[in-house]
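Peer 1: Submitted below is the structure of interest, expressed as structure tokens.
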Amino acid sequence: MDLASKLFKGDRVIWIIFMFLCLVSVVEVFSATSTIAYKNANHWAPIVRHATFLLGGFVVVILLHNIPYKFFSTFIALLPLSVLMLLITPFIGVSANDAHRWLELFGVQFQPSEFGKLSSVVYVAFLLSKRNKFTDVQLFKWLLLGVGIICVLILPENFSTAFMLFGVCFLLMFVGQIPLRLLFKLMAVLILVFSFLGAALIFMPDSAMKYLPNRAQTWKARIADFNHKSDFKEGETYVINDDNYQVSHAKIAIARGGIIGQLPGHGQQRDFLPQAYSDFIYAIIIEELGVVGGVFVLLLYIMLLIRAGMIARRCDKLFPKFLVLGCGLLVVTQALANMAVAVNLIPVTGQPLPLISRGGTSTVITCIYFGIILSVSRFGAGMGEEDTTEEGPEEAEVSEEPETEEDNTAVKTIKELETIVE
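Here the sequence shown is numbered in this note's numbering, starting from 373 and rising by one per residue.
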């Protein structure tokens, strides 16, 4: 027990959530990668690869949760680097599923958008913590500039990621008391722009689609397939084709799951779903673990968001407050998007289930989010051994932190961005 308390510091509930997600991941990815194992004639290779990333992610969590949260303001330096990587990805990136989302460096593939998400949340949290140094309009301008550049660069190849990232940052701005008039103006402009673009995309003739990027055709097909799901009438023969193949087999998997499921390793749809171990792993979870397992996984993510909110309330500094909220929202919104796709509530997005889906960059970045949350719970909210808070959690006064070396690095990065823009 002493060893465990020394190793796992910070909020114990976050640690429990992390461990359960990893456990579900190992079991379900091992089952869902059966087709990969068959193709490669190696039963253990897929799960060994995934377990290696999980183990590496666990080490990342251990390291980060021992680092004071003030250090994470230096992650703002990833923002210009992310911009550079996102700029070159469409030209030299690795293509997968008709999208250039990956870069390869020394034989290792990674998604620049994941680093863009991380740096954007740190950027927003840092600026909101220094809001008394700006006027409302100045602060809003700089927030919109940094987040907007990242989202615009992500959008052509990964609309859902750009949409969720902007949504999370928008919520942080709202919590950070950015004037509502500015937020409403921004929302009105975005609604008008995307309503026009969406209508143009839906009603654009196929002959004109060839002049648009490849992903535009994918977006149109997914929206059209989602809108046509209600066209099927009882008594008619349901035809599974290329357009509805994944969604249809996801529905079959969920229908077979019942209350308690078919048990791990006994699912059938894992052999039909091309992304059974990634985009549609939640459908496989329900097939093998039933509604009980599906609800349990959902509650893990909901509890993560609740705990992130509780940790934020206990923080007496602004930067960790916004940082932990941003990290929690990024993980949970992505999880909800993945689940919503699996149960056919929204069109296919291509978002993996955080920490559960088979992945490399996504798994490691999610572990970074957990490490940051645990660091804040330990050093910012006084939920670990280093509890130096003299005030109670409810009475703690939210204040701005004094300038640190990490803050100076972050400010320097922002000034460099300003110079580049000008």
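Glycine residues also receive a C-beta, built at the ideal position from the N, C-alpha and C atoms. None of these values were measured; they are calculated from a predicted model.
Taking 8 Å as the limit between beta carbons, can you name the residues of its chain near Glu660, skipping five residues before and five after?
Peer 2: Glu400, Ser403, Gly629, Gly633, Gln634, Leu635, Pro636, Gly637, His638 and Gly639
Peer 1: Which two residues bound the contiguous beta strand (DSSP E) that contains Val480?
Peer 2: Taken as a continuous stretch (DSSP letters only), the beta strand (DSSP E) holding Val480 covers Val480 to Phe482.
Peer 1: When DSSP builds the beta bridges, which residues end up paired with Glu476?
Peer 2: Gln481
Peer 1: Quick check: Ile744 and Leu393, are their CB atoms within less than 8 Å of each other?
Peer 2: no
Peer 1: Contact check, Ala714 vs Phe652 under 8 Å by CB: the rounded distance?
Peer 2: Indeed they touch by this definition, with Cβ atoms about 6 Å apart.
Peer 1: Nearest-angstrom Cα distance between Leu677 and Tyr649?
Peer 2: 24 Å
Peer 1: DSSP state of Glu445, grouped into three classes?
Peer 2: Residue 445 is actually Ser in this sequence, not Glu. Assignment of Ser445 by DSSP, reduced to helix, strand and coil, places it in the helix class.
Peer 1: Pick out whichever of Pro726, Phe444, Tyr495 and Ile718 has its Cα sitting closest to the Cα of Val703.
Peer 2: Pro726
Peer 1: Smallest Cα separation from Phe329: which of Gly754, Arg730, Ala709 and Ile740?
Peer 2: As displayed, the chain neither begins before 373 nor continues past 794, which places residue 329 out of reach and without an answer.
Peer 1: Where does Thr507 land, buried or exposed, given buried means 16+ other C-beta within 10 angstroms?
Peer 2: Note on Thr507: under 16 other CB atoms within 10 angstroms of its CB, so exposed under the neighbour-count rule.
Peer 1: Closer than 6 Å by C-beta to Glu476: which residues in its own chain qualify, once you throw out the five before and the five after it? Chain order, please.
Peer 2: Val466
Peer 1: If you drop the 5 nearest sequence neighbours on each side, which residues of the same chain put their C-beta closer than 8 Å to that of Leu379?
Peer 2: Ile434
Peer 1: What do you reckon, are the CB atoms on Leu511 and Ile550 nearer than 8 Å?
Peer 2: With contacts defined as CB atoms closer than 8 Å, Leu511 and Ile550 qualify as a contacting pair.
Peer 1: Measure the beta-carbon distance from Gly518 to Tyr495 and round it to whole angstroms, keeping in mind my assumption that it falls under 8 Å.
Peer 2: 5 Å
Peer 1: In whole angstroms, what is the alpha-carbon distance linking Gly700 and Gly429?
Peer 2: 17 Å
Peer 1: How would you call Ala497, buried or exposed, if buried means at least 16 neighbouring beta carbons within 10 angstroms?
Peer 2: buried
Peer 1: Take the Cβ of Pro646 as the centre, count every other Cβ of all protein chains shown within 10 Å, and call the residue buried at 16 or more, exposed below.
Peer 2: By the 10 Å Cβ count, Pro646 comes out exposed.
Peer 1: What alpha helix (DSSP H) runs, 4 residues minimum, are completely inside the segment 690 to 758?
Peer 2: Within the segment 690 to 758, the complete alpha helix (DSSP H) segments of 4 residues or longer fall at 690 to 714 and 733 to 747, listed in chain order.
Peer 1: Short of 7 Å in beta carbon distance, which residues of its chain neighbour Ala712, apart from the five on each side in sequence? Order them along the chain.
Peer 2: Answer for Ala712: Ile718, listed in chain order.
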